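Notes for the one structure printed next.
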Amino acid sequence: MKKTKFSYILLTAVALVVSSCGNKLDLKPYQSIDQDAALTTSKDVEAALIGAYDALGEYYVWGGQIQMSADLLSASSELQWRGTFVDPGQFYDKKILVNNAYSANIWLNSYATINICNNVLANLDKVEAAKKNRIQGEALFIRGSVYFELVRLFAKTWGDGDNTANPGVPLVLSPTSEINNGSYVKRNSVAEVYAKVLEDLTTAETLLPDAATTSTSGKMTGQATKWAAASILSRVYLMQQNYTAARDAANRVIQSNRYALNQEYESSFNLVNMNSSENIFSTQVTSQDGDNSLRTFYSIQSRGDIYVTQSHINEYEAGDERLNLFTQDGEDFFTDKFSTIYSNVPVVRLAEMYLTRAEANFRLNSTTGATPLADLNLIRNRVGLSNLTSGTLSLNAILKERKLELMFEGHLLHDLKRTRRSIGSAAYNANNLVFPIPQRETDVNSSLVQNPGYN
Amino acid sequence: MRKLLHFCVFLGTLLSGFSTIAQDHTVTGKVTSSEDGTPLVGVSIQVKGTSQGVNSNATGEYRISVPNNATLVFSFVGMDRKEVAVGNQTVINVELGTDNQQLSEVVVTGFGSQIKRDVTGNIAKVDSKKLENIPSPSFEAALQGNAAGVQITQGNGKLGQGISVRVRGTSSISASSQPLYVVDGVPINTQNLSSNSAPTNPISDLNPQDIESLEILKDASAGAIYGARAANGVVLITTKRGKSGKTNVNAGFQYGFSKPTRLRDYMNASEWLSYFKVAAENTGSTNSLNALITRSAAGTEAGKNTYDWQRAAFQDAPFSQTDLNISGGNEKTKFYVSGQYLDQKGILIKNSLERFSGRINLDHKANNWLSIGMNMSLARTLQNRVSNDNAFSTPMQAVAIPPITPLIDPRTGLVSGTPPGVSANFPIYYNPFISANYSDYKTLVFRNISNVYGQIDFSKSLSFRSELGVDLLNQNENSYYGTQTVRNVTGAANGLGESRYSQVMNYNTNNYFSYNKVLGDVHSLTATLGMSYQETRVDGNFVEGQQFPSNAYRQIASAADITGGSSTRSQFSFVSYFLRANYKLADKYLVGLSGRVDGSSRFGNNSKYGFFPAISGGWILSEESFLQNSNALSFLKLRASYGLTGNAEIGNFPALGLWSSSGYAGVAGQSPDQLRNSNLKWENTTQTDIGIDYGILNNRINGEIDYYVKNTNALLLTVNVPGTSGYPDQVRNVGRMRNQGFEFTLNSQNLVGAFKWSTSINISNNKNRVREIDKSPSGDPVPIIGGFDQVNRAYPGQPLGAFYMLEYAGVDRTNGDALYYRNDTEGDRSTTNDPNEARRVFVGSPLPTWFGGITNNFSYAGFDLSILFNGQFGNKVYMAGGKFEMASGDYYDNHLASELDYWTPENPNASSPQPRLFGANGTAVSSRFLSDASYVRLRNVSFGYTLPQNLVNRIKVSRVRIYALAQNLLTFTKYKGWDPEVSTDANTGNIAAGQDFYSAPQAKTLTVGLQIGF
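In the order they appear, the protein sequences are chains A and B.
All the letters of the first sequence, read from the start, carry residue numbers 1394 to 1848 under the numbering used here.
All the letters of the second sequence, read from the start, carry residue numbers 35 to 1048 under the numbering used here.
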């Protein structure tokens, strides 16, 4: 039969079998790029900085859980956790298990944020000269702020024993490109962490601009300014009971005249696609991106898992306009500070700066910027309350005003700790008021020492 | 490596002797049954040692062209195999007797087939009979209890869910452990495209009634031809084809209904009230409780009526299926055409599946050297789905709502909790029945699995086959959440809609030579050599919108605010070259060799290619003179095989260090999202198999016994890394795992004659052990964890996914505290009531050590009865919902009635701790919530009656059978949850095994049906 024809067919068949498809194996991902190609231009590094803001604004960082977990830990009779999520319930019960997923995620997401900042800081040489200060300042602001949150939650309070001996959190200051022996870090001391936080924020304050500049696309709002850095600095100093530095930092923010108290207390909250004149720093939420996990749990419009009790309501004086920000449901109350969907998470408001300056001036018996009484009355008048007099002004009055003004915004636990007040039956330095180092971390990295009270 | 292969291809070509072209003459004849002389239809008549063959037609006649000196092989399932030397004969009539041993059965081996007698690997075959009439949309159900070494777990009672299939154990930790599925030569896509975490089952787009046979390649020698893709076994699916002769028309109709296998016993309203009164008194929380009772009772008298939230989660679940298939043809062209309509409601409210499917298979013989053909199937599957198990909106979570809460709020007349309600926190949890009323989640899939082939017979010994296949999957997921669901769906205040479109384009080509040569009478060589290429691309689009004018508008076109959108793409490719040779000496000594080189885009440049060889041998002892005359032992074959296979199912780019987009407030941003590991390589499995095929008493009793050891090395794992690095985890090759076990099958014709009784038994044992996990610098094995509450572990010396948790020590008789063993040292039996003071220990395995099935078939005078029991033993299940419903009154969830035996000073020996509202008494993750999940189940019973031939002939049909079927009729178990056959869809993976979280029980299905053949 047709031998030649068969031979041709056979050759074609052989060609089919041996045809090389090797180049078909070089496929690349479509939605991601290689890490080596990620940071080559100034624009790349700027984009990474935006990525750091994105990480900072996530659910478990300043998207809400850093604040909320502290508030649940500070709750005794004025708040109740009634949700089903086991992990926040453990904060409220002050029985945190080492495998608590929320504290583990706060740790993980905070360090992910820090790693992005470290990437930005390690690639500043690629940034256009005109932008360099700002970009470095913003990255330092984010890194310093996150380390401050971590050391407050996962370590003993400043001054509770020896700060240089008490373990803080590991300081990781360079970007991770691979896992090697250097990745198995130890905890730095509380003192070392605070020192780094102060360094980052102080440098940030000098580098950052007075006002948020518009970004490349012109759409960005809510970047950190010099005053945002000074605000967080005032918190750090307050935590260290360094009232002079705390006062001065707060005073710098107030006297910058970049910010003003809103006429209405409620105007600082539930802001969608905008920030008010009172908001010094907020994490930005849109309908497409960003988290406001305070809304998720506090708002009756959402899960409504955190109930406010009558005894908290009783703390307010009659006529206090801050009471307008509650919804009553039978015998229970819910805060309305975070009820609008896709609203920004307020992190620092100007009111805090007045209260910090008032407290520090009061303690130091000074009047830097204004008298403590004037600052406190500014806050009181704004919500329709009458003036205190120098006779009724006291540290307790200032601290109570601070509690009511900043309630649900993540301050109470740290204010109680720094003023050495108890929470229910637990002393300020009780073991169960400090998060455990997450089990997933101690499992992976045996260099990490667990906190007292946890196995 | 590739160069070497190319050379081999040429060498093979030269040796194949293609220049000898056959000289043919024609043989005709008739095949009849030796029992009653009736013509046998569809008998395979093959020229020995070649792939050349025909089938007998409707009158048993055949016509075939044969070369000189040919031998014809007559074979037919269930009949003796007969070989006839043609010589000068032109008419050969043959009688075939009934065969008990099925050794002559043809087994599909991947790029070829072999008769079972000559197989040296381990291949389990399940034929179409087992697939008939199973009232399930997916064929895996038919494997359950029918194939040794193959463990099937249907996740739960939702429809169209992923089904876990494990061939000889779980051989991977992070990579997929599902077998490779190949339909008529096309490796099909089994990637789950579901947008909620509950996986769907892409296999369910295949109509089980179209399947002629399923072959499961279990050992390395069988699997190595699929190289890097065979470590989890390979399931070869062969669809039905036409046979020449009379056109057969078969129609089937099945109708039935399903209900849950079991309901659990929860507290009734008065039990709940009295229990929680005690719980609240014990912690001074009576005020909180009273407020909750007032709110929950919704104006009714609390405790007067019990509202059964569990029962409300279920619905009447009718099932109907209509089948029609037509097949036939002549010697040149054969066809098989089929269609099916299946309509099934799930046992859970709002869950249903509807499928239309059609198939055309064509074969055409163009001339004596060229055959061509095609298979084409099209399916449209529409599912109404429910949320995954870990969602308040899934119907099963309704069981948590206290039984004093009315289902319908008497104050509004609406489903309780429908806004605008009286209280936003009523009922205590979001009521899933609001979602049932006001939301939709529809998944519509179009699936086309098709291929064309051409085969050229160059000579009687050499042929070439080229196949080109596509597997195209289009999936549309549309969901809408009405304004009433706002408590559950953030953003649904004015309606929220999502539309998600995914397309998987998978094309594949196989090109291979087959060579068959019989040399003299003693040597027989068959060989296969070829290549295949597969490329798969997955495209996805997604859009989300909010602000709908009303619930009457449900398309995104009506949304005023487009709140999300994206499009994504990903792809992978495989290039493979393979070779297999089987040599048979004197019909008793068998040797098989195979090898495959696989390259994949999934791996880094350091390890793009892998080589997967295997060797096997067989010795048919019963052919030896010393056994030939044995009366009892009619067949005995020893088999052994050793080989290497791989696993590449780990996602598409795990080796790369990647950054991806992370915008903020509408501004473009980027951030790292994957750690680099350029040394990432194939996960590989070496497997040794030793087996015996036996036949006793003229093969009336026959079966197989196998022992295997399967060692997986370079396990691909997503390993936790220190979070301080900025990353949670990384994919690494970090360990070794072993599966070893034995399989035993026995088929027995207990009674033959008018009353027939046969039994098939298969028993499998598998011992899984993680052998080694890389150590972190601390010296401990890198922790690999999974499952709800992270209770599953991969730890050296333990089975994969072993439960690692606190060990519950029961109730403190003095004060009602829940106790845990401290386990400070091994064997430390001291107890503590503080879970933070106790250490976790290994308390059990989620993997069964034994499983199997027994089928008994009876037939008499047209009646047939088949009964299948299957079971599995030695595994435990973690009831992750236990900390809510066996929580000692920690929170208001309805509790199981078993908690009513609680500690009081008067009842110090109670089984449950003292109830304490908000008291967390015994709620820590512990073995308190672990339960033995061994079971034996009456899986299938079918009872049918085939009408007598003379009766049906009168009404001009050829066959009529009526039947009734029952699935999951009875279950014997100690499991405390709903159903021991469970795997939650909210937390899936190899490590996260043995997890139950409000997972729906399996369905118990009863159907009746009718089959008519024309």
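Glycine included, each C-beta is placed from N, C-alpha and C at the ideal position.
Fair warning: this is a prediction, and the values are worked out from it, not measured in the lab.
- Task: Sort 786(B), 154(B), 851(B), 287(B) by Cα distance to residue 676(B) and report the nearest one.
- Result: Residue mapping note: residue 676(B) aligns to position 642 of the second sequence, counting from 1. Nearest option by C-alpha distance: 154(B).
- Message: So, at 8 Å on beta carbons, what are the nonlocal neighbours of residue 896(B) in its own chain, with the 5 sequence-adjacent residues on each side left out?
- Response: For the purposes of this step, residue 896(B) is taken as the residue at position 862 of the second sequence. A distance below 8 Å between beta-carbons, with the five flanking residues on each side excluded, links residue 896(B) to the following residues of its chain, in chain order: 979, 980, 981, 982.
- Could you tell me if residue 697(B) is buried or exposed, where buried requires 16 or more neighbouring beta carbons within 10 angstroms of its beta carbon? To locate residue 697(B), count along the second sequence from 1; it is residue 663. Around the C-beta of residue 697(B), 16 or more other C-beta atoms lie within 10 Å, and the residue is accordingly described as buried.
- Query: Name the residues in the region 944-969 of chain B whose C-beta lies less than 9 Å from a C-beta of chain A; which are they?
  - Reply: So the list reads 952, 954, 957, 958, 959, given in the order they occur along the chain.
- Whose Cβ in chain B lies nearer than 9 Å to the Cβ of residue 1578(A)? Residue numbering aside, residue 1578(A) sits at position 185 when the first sequence is read from its first letter. Within 9 Å Cβ-Cβ: 756, 758, 759.
- Spatial neighbours of residue 898(B) within its chain, please: CB distance less than 6 Å, with the 5 preceding and 5 following residues excluded, ordered by chain position. Translated into positions along the second sequence, residue 898(B) becomes position 864. Contacts found: 978.
- Expressed to the nearest angstrom, what Euclidean distance is found between the alpha-carbon atoms of residue 589(B) and residue 268(B)? On the second sequence, position 555 is the one that residue 589(B) refers to. On the second sequence, position 234 is the one that residue 268(B) refers to. Going by the C-alpha atoms only, they are around 41 Å apart.
- Message: Quick check: the Cα distance between residue 1032(B) and residue 1018(B), rounded to an integer number of angstroms?
- Response: Along the second sequence, one-based indexing puts residue 1032(B) at 998. Along the second sequence, one-based indexing puts residue 1018(B) at 984. Each residue's Cα considered, the two are about 8 Å apart.
- Of the choices 607(B), 653(B), 933(B), whose alpha-carbon is the least far from that of residue 1418(A)? Walking along the first sequence from the start, residue 1418(A) turns up at place 25. Nearest C-alpha to residue 1418(A) among 607(B), 653(B), 933(B): 607(B).
- Where are the beta strand (DSSP E) runs, 3 residues long or more, that stay fully inside the region 228-267 of chain B, in chain order? The DSSP assignment places 245-251 as complete runs of the beta strand (DSSP E) inside the region 228-267 of chain B, in order along the chain (cut-off: 3 residues).
- Task: Could you name the residues of chain B that residue 1614(A) contacts, counting a contact when the two beta carbons are closer than 8 Å?
- Result: By one-based count along the first sequence, residue 1614(A) stands at place 221. By Cβ distance, chain B contributes 699.
- Are residue 1734(A) and residue 1694(A) close, meaning C-beta to C-beta below 9 Å? Here residue 1734(A) refers to the residue found at position 341 when the first sequence is read from its first residue. Here residue 1694(A) refers to the residue found at position 301 when the first sequence is read from its first residue. Note that the C-beta distance between residue 1734(A) and residue 1694(A) is below 9 Å.
- Item | DSSP beta-bridge partners of residue 474(B) | For the purposes of this step, residue 474(B) is identified with residue 440 of the second sequence, where counting begins at 1. Answer by DSSP bridge pairing, in chain order: 514(B).
- Task: Within 10 angstroms of the Cβ of residue 1401(A), are there 16 or more other Cβ atoms? Answer buried if so, exposed if not.
- Result: Position 8 of the first sequence, counting from 1, holds the residue named residue 1401(A). With fewer than 16 Cβ atoms within 10 Å of its Cβ, residue 1401(A) is classed as exposed.
- Would you please verify whether the beta carbon of residue 565(B) is less than 9 Å from any beta carbon of chain D? Judged by its chain identifiers, the structure shown contains no chain D, and its protein chains are A and B.
- Validate contact between the region 176-184 of chain B and the region 235-254 of chain B using beta carbons, cut 8 Å, 3 pairs: Flag = yes, the region 176-184 of chain B and the region 235-254 of chain B touch.
- Contact set for residue 1610(A): own chain, Cβ-Cβ below 7 Å, skip 5 residues either direction: Position 217 of the first sequence holds residue 1610(A). Its pLDDT being 43, under 50, residue 1610(A) is placed unreliably by the model, and nothing is read from it.
- Item | DSSP state of residue 653(B) mapped onto helix, strand, coil | As a position in the second sequence, residue 653(B) is number 619, starting the count at 1. Looking at residue 653(B) - three-state DSSP - the assignment turns out to be strand.
- Query: Cα-Cα, which of 1542(A), 1484(A), 1575(A) is closest to residue 1628(A)?
  - Reply: In the first sequence, residue 1628(A) corresponds to position 235, counting from 1. Ranking the options by Cα distance to residue 1628(A), first place goes to 1542(A).
- Going by the CB atoms, is the gap between residue 1743(A) and residue 1654(A) shorter than 9 Å? Within the first sequence, the letter at position 261 stands for residue 1654(A). Within the first sequence, the letter at position 350 stands for residue 1743(A). Yes, these two residues count as a Cβ contact at 9 Å.
- According to DSSP, residues forming a beta bridge with residue 777(B): Counting from 1 along the second sequence, the entry for residue 777(B) is found at position 743. Beta-bridge pairing links residue 777(B) to 740(B), 798(B).
- Find the residues of chain B that neighbour residue 1549(A), judging by a C-beta separation of less than 9 Å, and give them in chain order. If you number the first sequence from 1, residue 1549(A) lands on position 156. Within 9 Å Cβ-Cβ: nothing; residue 1549(A) doesn't reach chain B, min ~18 Å.
- Query: If you check the beta carbons only, do residue 736(B) and residue 782(B) fall under 9 Å apart?
  - Reply: If you number the second sequence from 1, residue 736(B) lands on position 702. If you number the second sequence from 1, residue 782(B) lands on position 748. Yes.
- Item | residue 1516(A) classed as buried or exposed, judged by whether at least 16 other C-beta atoms fall within 10 angstroms | Start at 1 with the first residue of the first sequence, and residue 1516(A) comes out as number 123. It counts as buried.
- Message: Excluding the 5 residues flanking residue 474(B) on each side, which residues of the same chain have their C-beta closer than 8 Å to its C-beta?
- Response: On the second sequence, residue 474(B) is found 440 positions in, with the first residue counted as 1. Taken in chain order, the residues that qualify are 418, 512, 513, 514, 588.
- Status (buried if at least 16 other CB within 10 Å, exposed otherwise) for residue 1528(A): Your numbering for residue 1528(A) matches position 135 in the first sequence. Flag for residue 1528(A) reads buried.
- Message: In whole angstroms, give me the CA-to-CA distance for residue 1602(A) and residue 1626(A).
- Response: To locate residue 1602(A), count along the first sequence from 1; it is residue 209. To locate residue 1626(A), count along the first sequence from 1; it is residue 233. One C-alpha to the other measures close to 16 Å.
- Task: Could you work out which residue in 729(B), 849(B), 1026(B), 901(B) is closest to residue 944(B) when comparing CA atoms only?
- Result: One-based indexing of the second sequence puts residue 944(B) at position 910. The shortest C-alpha separation from residue 944(B) is found at 849(B).
- Message: Contact criterion: CB-CB distance below 9 Å. Does residue 1446(A) meet it with respect to chain B?
- Response: Here residue 1446(A) refers to the residue found at position 53 when the first sequence is read from its first residue. At least one chain B Cβ lies under 9 Å of residue 1446(A).
- Task: Look at the alpha carbon of residue 160(B) and the alpha carbon of residue 605(B), and state the distance between them as a whole number of angstroms.
- Result: Here residue 160(B) corresponds to residue number 126 of the second sequence, with the count starting at 1. Here residue 605(B) corresponds to residue number 571 of the second sequence, with the count starting at 1. Distance from the CA of residue 160(B) to the CA of residue 605(B), rounded to the nearest whole angstrom, comes to 33 Å.
- Task: Can you tell me which of 361(B), 728(B), 452(B) puts its alpha carbon nearest to the alpha carbon of residue 1047(B)?
- Result: Residue mapping note: residue 1047(B) aligns to position 1013 of the second sequence, counting from 1. If we check each option's Cα against that of residue 1047(B), 361(B) comes out closest.
- Do three or more CB pairs link the region 432-443 of chain B to the region 521-538 of chain B at distances below 8 Å? In short, these stretches do not touch, since the Cβ pair count stays below three.
- Task: Quick one: using the 10 Å Cβ neighbour count with 16 as the cut-off for buried, is residue 988(B) buried or exposed?
- Result: To locate residue 988(B), count along the second sequence from 1; it is residue 954. Residue 988(B) is exposed by the Cβ-count criterion.
- Message: Whole angstroms are fine: how far does the CA of residue 1837(A) sit from the CA of residue 1585(A)?
- Response: Taking the first sequence and counting its residues from 1, the one referred to as residue 1585(A) is at position 192. Taking the first sequence and counting its residues from 1, the one referred to as residue 1837(A) is at position 444. Cα to Cα, residue 1585(A) sits roughly 23 Å from residue 1837(A).
- Task: Alpha carbon to alpha carbon, how far is residue 976(B) from residue 790(B)? Give it in angstroms, no decimals.
- Result: Looking up residue 790(B) in the second sequence gives position 756. Looking up residue 976(B) in the second sequence gives position 942. Cα to Cα, the separation comes out at about 16 Å.
- Item | Outcome for residue 1779(A) when other beta-carbon atoms lying within 10 angstroms are tallied against a minimum of 16 | Within the first sequence, residue 1779(A) is the residue found at index 386, counting from 1. Burial check for residue 1779(A): the Cβ neighbour count within 10 Å stays below 16, so the residue is exposed.
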